[in-house]
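The block underneath contains the structure these notes are about, expressed in structure tokens.
In the working numbering, the protein residues as written are 91 to 507.
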């Protein structure tokens, strides 16, 4: 009874209504709402939640003296903002006052909406922290895993996910941070700690192991995928039950439930295939032509994300690679000339004008591999011909190394295969 009283039902009802208003079938909508109301505490964001019965975050450090810092200089306005943020964190039990010999400086970073968020500079602590090698998921493999005839998707976003993981009591003092007002330490996993992402990923992977056949976790984003509505109901119910059991909390405005097309890891994913989302496409249109070595390297690094969508990517970008692949001594020789300008325009035009869409493979049809090789680059395309239409599954290309450039043509062709 007390548990029910602690839930903000008006807030929860509002979240559930918004999450289900896209469902046009009244019977299906009612079935989904019943599931969500059964786990309504997951959708109550009136106050923070800290998970229970999960492995707390540990901070294993080398035997060095505790690192300390003085508070960063700040304006009176920012000091007041910092004070308010700290008081809110104290009130909700996310931090506590500290008497630790550790002290990392806290600072404010502006959000897009003009408000502030507090971050802690844990550089000194991170330098003495032993690395946690728990793997993070491979984004490409995660996207590929969602292919296979899945018709329904749900994306669950965790509310301030790191803050829902407790820190081991014996290690809390290591998280101490200093402001102009005092010294505090975290009760929950803080952003900026060296091992926060792998530690969080480990917890989620362990508790959601029973759902691994129909759910994927990438840090604080969970995607559920199913082949039918009935199956998706069962899958969603099972996953929400686990999250409820461990007292987790969702971020309803960023959740999408029972969708046939969903945005996940910067892709738009459907039963048929995937493509870059609108934010990625806007970033393409706003690309500026590089004029320095740093800008050229940043440009190539940012564009490498799209290479799977573009045939002969390495060949097109070869002139740019030529002027960026410089030794330290030759960096002063960087030149952005006509060949690089032409490559930039060609690549941007291709990205904007061509449909960047890849199809998931159909196991009922053979896969066609087409390769191409030259002294400059090698590449390959995976395709399937279905009902007379050629579908692109994946593009791969890479610039040839100095050794590979000396290969005979037949050796290059074999390398491409």
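No residue lacks a Cβ here, since even glycine has one placed at the ideal position from N, Cα and C. The structure displayed is predicted, hence computed values, not measured ones.
- For residue 136, the three-state secondary structure derived from DSSP is coil.
- Collapsing the DSSP output to three states places residue 112 in coil.
- Look at residue 264 here: in three-state DSSP terms it is helix.
- Residues of the same chain with a CB within less than 7 Å of the CB of residue 481, apart from the 5 flanking positions on each side, are 449, 473 and 474 in chain order.
- Judged by DSSP secondary structure, residue 217 falls outside any beta strand (DSSP E) and instead within the alpha helix (DSSP H) spanning 213-217.
- A contact between stretches requires three or more CB pairs, one per stretch, nearer than 8 Å, and the stretch 375-385 fails this requirement with the stretch 257-272.
- The way I'd put it, the stretch 213-225 doesn't touch the stretch 301-317; fewer than three beta-carbon pairs between them come closer than 8 Å.
- If you ignore the 5 residues before and after residue 223, its C-beta comes within less than 8 Å of the C-beta of 288, all in its own chain and listed in chain order.
- Contact between the stretch 273-286 and the stretch 299-308 is absent: fewer than three C-beta pairs spanning the two stretches fall below 8 Å.
- For residue 122, the secondary structure class from DSSP, reduced to helix, strand or coil, is helix.
- With fewer than three CB-CB distances shorter than 8 Å, the stretch 122-129 does not count as touching the stretch 178-188.
- Between the stretch 155-171 and the stretch 190-203, the count of Cβ pairs shorter than 8 Å is three or higher; the stretches touch.
- One thing to note: residue 307 has its Cβ within 9 Å of the Cβ of residue 291.
- Counting only runs that start and end inside the stretch 296-330, the beta strand (DSSP E) elements of at least 3 residues fall at 305-308 and 311-316.
- Looking only at 488, 139, 323 and 138, the smallest Cα-Cα distance to residue 117 is reached by 323.
- By the Cβ neighbour-count rule, residue 430 is buried, with 16 or more other Cβ atoms within 10 Å of its own.
- Residue environment: residue 178 is assigned as exposed (fewer than 16 neighbouring CB atoms within 10 Å of its CB, all protein chains considered).
- Apart from sequence neighbours up to five positions away, the residues of its chain that approach residue 328 with a beta-carbon distance below 8 Å are 300 and 301, ordered along the chain.
- Three or more beta-carbon pairs separated by less than 8 Å link the stretch 457-465 to the stretch 487-506, which places the two stretches in contact.
- The continuous beta strand (DSSP E) containing residue 461 extends over residues 458-463.
- Separation of the CB atoms of residue 190 and residue 266 is rounded to 4 Å, and the pair is thereby assigned contact status at 8 Å.
- At the C-beta level, residue 506 and residue 469 come within 9 Å of one another.
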